[in-house]
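Undergrad:
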Amino acid sequence: MTDMSVRLAEATDQPILERFWLLFRHDMSEFSGALPNPDGTFRSERLHAALTQADWAPYLLTGGASPVGLAFVRGLTAPTRVLNSFFVVRGARRTGIGLRAVRQVVAKHPGPWEVAFQESNVAAVAFWRRVAIEIADDAWTEERRPVAGRPDLPPDTWITFNASAGARR
Numbered sequence: 010m011t012d013m014s015v016r017l018a019e020a021t022d023q024p025i026l027e028r029f030w031l032l033f034r035h036d037m038s039e040f041s042g043a044l045p046n047p048d049g050t051f052r053s054e055r056l057h058a059a060l061t062q063a064d065w066a067p068y069l070l071t072g073g074a075s076p077v078g079l080a081f082v083r084g085l086t087a088p089t090r091v092l093n094s095f096f097v098v099r100g101a102r103r104t105g106i107g108l109r110a111v112r113q114v115v116a117k118h119p120g121p122w123e124v125a126f127q128e129s130n131v132a133a134v135a136f137w138r139r140v141a142i143e144i145a146d147d148a149w150t151e152e153r154r155p156v157a158g159r160p161d162l163p164p165d166t167w168i169t170f171n172a173s174a175g176a177r178r
């Protein structure tokens, strides 16, 4: 998929982001064990924050005329930005769109970045390590941190990098 773009989501994109959020949380439930709410939805605090909080930026990923994913950034005014949520629909995965999308999002907010993932998500482990290498060469770190307020879950793996440290486009 060569025709890919990332743009700040608008109010009219909210229904798309809500649908993608359900798909994203469904995918992540494999690793977290989270079950849907009684109405079939999943927890959506991060979605709500991305759409309403000034320190967040919701991005919509598109491939041609089709929406293909989302990226939520938090900490826009903090010393380090966090790629809080990232999702690409299955039909667009393994096409390079994810790496290109992360590069575009990071380029919009240069400086220090962090992203968390679950070690049990083998595809995410490989993807985020590749992202770190592509953006920061060998100037990135990885550490495991407990999930706040969730001692029942294994620690998240966090990758930290600086978008200006050897960034490649």
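In this text, residue positions in the sequence shown follow my numbering: the first is 10, and each later residue adds one.
Quick reminder that beta carbons are idealized off the backbone N, C-alpha and C, glycines included.
#1: In the DSSP assignment, find the beta strand (DSSP E) that holds Phe33 and state where it starts and stops.
#2: Within 10 angstroms of its Cβ, does Ala135 collect 16 or more other Cβ (buried), or is it exposed?
#3: For Ala63, does the three-state DSSP call read helix, strand or coil?
#4: Across which residues does DSSP place Leu70 in a beta bridge pair?
#5: What's the C-alpha gap between Ser53 and Asp22?
#6: Can you say whether Arg16 is buried or exposed, counting buried as having 16 or more other CB atoms within 10 angstroms of its CB?
#7: Taking a contact to mean a Cβ-Cβ separation below 8 Å, would you say Gly84 touches Val98 in this structure?
#8: What three-state label does DSSP hand Val98 in the structure shown?
#9: For Phe40 and Phe33, I'd like the C-alpha separation in whole angstroms.
#10: Identify the residues that DSSP records as bridge partners of Leu92: which are they?
TA: Checking against the coordinates, here is how it stands:
#1: Phe33 -> not in any beta strand (DSSP E); alpha helix (DSSP H) instead, spanning 23-41.
#2: Around the C-beta of Ala135, fewer than 16 other C-beta atoms lie within 10 Å, and the residue is accordingly described as exposed.
#3: DSSP places Ala63 outside both helix and strand once states are collapsed to three, so it counts as coil.
#4: Leu70 pairs with Val15, Gly78.
#5: Linking Ser53 to Asp22 through their CA atoms gives a straight-line distance of about 16 Å.
#6: Exposed, because fewer than 16 other Cβ atoms sit within 10 Å of the Cβ of Arg16.
#7: Taking C-beta atoms as the reference points, Gly84 and Val98 fail to come closer than 8 Å.
#8: Residue state, collapsed to three classes: coil.
#9: Whole-angstrom Cα-Cα distance: 12 Å.
#10: Leu92 pairs with Val82, Val124.
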